[in-house]
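J.: Got a structure for you, written out below as structure tokens; questions coming shortly.
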Amino acid sequence: HGLYDMRSGMAASVNTYYVQLAERAGIDNAVRAALAMGVTNPVIDEASGQKEFDSYIADPKGHGAFTLGAAGITPIDMANAYATLAAHGLHCTVSPIESVTDRAGKKIPNIGKPACKRTIDAGVADAATEALSWVVSPKGNVINGNTGGRANIGRQPVAGKTGTTQEIKEAWFVGFAPQLAVASVVFDPKHEKTLPNGDGSNRLATTAFARFMKPALEGTPIVRFTPPASKYIQEKYVQEKYVDVPDVTNTSYPEARARLEAAGFQVRVSRPAVAAFPVPYGYVASQSPSGRAAPGSTITLSVSNGQQPGTTPPPNKPPRFCKLPRPGCLPPPR
């Protein structure tokens, strides 16, 4: 589909962009950030008390699908997480009580006041909000268009994200203005009916959001999002400034690194090695990005372990690293 940066990837809901981003940042770090923003760690086994995200943190390499959503997430969790962004990274516990008054009509102090704690850097939260605003109202060209345009409510800026579950059984839009965060979810409680494919499912959730949000904020002052500080924004290269990336697949790791570094790129090795037979042991199975990339950017290499896909590595034998790949030894991380 072309080249995406974080804004356009967000606007067009490009899953592969964010799977790669989560893998680079670490799925465990992404999970910790979600928990810090207010997402509850769902219990998946009542008997043992096992929680869904515990395994994500313990084995981040095995849970790349976290990027696409988790099974036990509730609308109030998502609204609370996005409210943390609206509050510049300040997370507050959810409470159904706004206030309590005594028989004399006086408010009882400290009841209904949520406990709040900064869990996300304010600049990071504002930068994330700016990217999410492109989902509703992009400020530049987006390949294939933005997915949340129907959530636009006019002069009051809003930001948010669309999403669908497997087989399009649910359609989500979680959005917010600086004053209010809302989760809009459309689904069949019996999970028997499939929603319209493509833009149809997005239309349902975003339209429901707008129909609630517009009257909810009617009569209130227009509040703008805080622009992120420049240090949090790396402006994208225009496509003309991108350069060709050498194709180093099916090349030995040392040769691949040498060729990429000679072309001016940095090199990173993805862990663990991948089962990619017939690609030989120690050879590059895939690279990301390929084709064209910004000068000096990082190229991530996946190195083959020589095994057939689906093969389970021998137990209790952690990978060994060495300067040059040889049987039983893989190139060191860098």
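Sequential numbering of the sequence shown, starting at 2, is according to our numbering. Where a beta carbon is used, it is the ideal one built from N, C-alpha and C, also for glycine. Here the structure is a predicted model, which is why all the values come from computation and not from measurement.
Check whether the segment 211 to 225 touches the segment 257 to 269, counting contact only when three or more Cβ pairs, one atom from each stretch, lie closer than 8 Å.
T.: Result no; under three Cβ-Cβ pairs closer than 8 Å.
J.: Considering only C-alpha positions, which residue in the set Pro279, Thr301, Pro296 is nearest to Ser287?
T.: One-based indexing of the sequence shown puts residue 287 at position 286. Checked all of Pro279, Thr301, Pro296; the closest Cα to Ser287 is Thr301.
J.: What is the DSSP secondary structure of Arg8, reduced to helix, strand or coil?
T.: Walking along the sequence shown from the start, residue 8 turns up at place 7. It is helical.
J.: Where does Glu171 sit, in a helix, a strand or coil, going by DSSP?
T.: Start at 1 with the first residue of the sequence shown, and residue 171 comes out as number 170. Note: Glu171 maps to strand in three-state DSSP.
J.: So, for Gln21: in the same chain, excluding its five sequence neighbours on each side, which residues have a beta-carbon less than 7 Å away from its beta-carbon?
T.: In the sequence shown, counting from the first residue as 1, residue 21 sits at position 20. Result list for Gln21: Ser289, in chain order.
J.: If contact is defined by three or more beta carbon pairs under 8 Å, each pair taking one atom from either stretch, is the segment 243 to 258 in contact with the segment 181 to 188?
T.: No: the two stretches stay apart, fewer than three of their Cβ pairs being nearer than 8 Å.
J.: Is Val268 helix, strand or coil by DSSP?
T.: Taking the sequence shown and counting its residues from 1, the one referred to as residue 268 is at position 267. Reduced to three states, the DSSP call for Val268 is strand.
J.: Around the Cβ of Arg151, are there at least 16 other Cβ atoms within 10 angstroms (buried) or fewer (exposed)?
T.: As a position in the sequence shown, residue 151 is number 150, starting the count at 1. Buried: at least 16 other Cβ atoms inside 10 Å.
J.: Taking the alpha-carbon positions, what's the Asp1 to Glu171 distance?
T.: As displayed, the chain neither begins before 2 nor continues past 335, which places residue 1 out of reach and without an answer.
J.: With DSSP collapsed to three states, give me the class of Ala87.
T.: Here the question's residue 87 lines up with position 86 in the sequence shown. It is helical.
J.: Can you tell me whether DSSP reads Tyr238 as helix, strand or coil?
T.: Here residue 238 refers to the residue found at position 237 of the sequence shown. With a pLDDT of only 43 at Tyr238, under 50, the local geometry of the prediction cannot be trusted, and the value read off the model is given with reservation. Tyr238 falls in the coil class under three-state DSSP.
J.: Decide if Arg156 is buried, meaning its Cβ has at least 16 other Cβ atoms within 10 Å, or exposed.
T.: Counting from 1 along the sequence shown, the entry for residue 156 is found at position 155. Arg156 comes out exposed.
J.: Can you list, in chain order, the residues of its chain with a C-beta nearer than 6 Å to that of Val239? Leave out the 5 residues immediately preceding and following it.
T.: Here residue 239 refers to the residue found at position 238 when the sequence shown is read from its first residue. Low confidence applies here, because Val239 scores a pLDDT of 46, under 50, leaving its location unreliable; read the following figure in that light. Same-chain partners within the cutoff: there are none.
J.: Looking only at its own chain, which residues have a Cβ that is under 7 Å from the Cβ of Pro179, when we skip the five neighbours before and after it?
T.: Here residue 179 refers to the residue found at position 178 when the sequence shown is read from its first residue. Here the set comprises Ala87, Val224, Phe226.
J.: Fully enclosed by the segment 150 to 229, which beta strand (DSSP E) runs are 3 residues long or longer?
T.: Here the runs fully enclosed are 160 to 165, 171 to 178, 181 to 188.
J.: For Ala294, which three-state DSSP category applies?
T.: Indexing the sequence shown from 1 puts residue 294 at position 293. Of the three classes helix, strand and coil, the one that applies to Ala294 here is strand, per DSSP.
J.: Given that a residue counts as buried once 16 or more other Cβ atoms are within 10 Å of its Cβ, and exposed if not, what is Lys162?
T.: As a working mapping, residue 162 is identified with position 161 in the sequence shown. That one is buried.
J.: Cutting at 6 Å between CB atoms, please list the residues of its own chain near Ser271, excluding the five before and the five after it.
T.: As a position in the sequence shown, residue 271 is number 270, starting the count at 1. These residues qualify, in order along the chain: Thr301, Ser303.
J.: Around the C-beta of Gly90, are 16 or more other C-beta atoms found within 10 angstroms, so that it is buried, or is it exposed?
T.: Locating residue 90 in the sequence shown gives position 89, where the first residue counts as 1. Gly90 should be labelled buried.
J.: With the cut-off set at 7 Å, would you say Leu133 and Ala160 are in Cβ contact?
T.: Stepping through the sequence shown from its first residue, residue 133 is reached at position 132. Stepping through the sequence shown from its first residue, residue 160 is reached at position 159. Contact: yes.
J.: Under three-state DSSP, which class holds Lys339?
T.: No information on residue 339 is available, as it lies outside the stretch 2 to 335 that the chain covers here.
J.: To the nearest angstrom, report how far apart Ala295 and Asp6 are at their CA atoms.
T.: Taking the first residue of the sequence shown as 1, we reach residue 295 at position 294. Taking the first residue of the sequence shown as 1, we reach residue 6 at position 5. When rounded, the distance between both Cα atoms is 11 Å.
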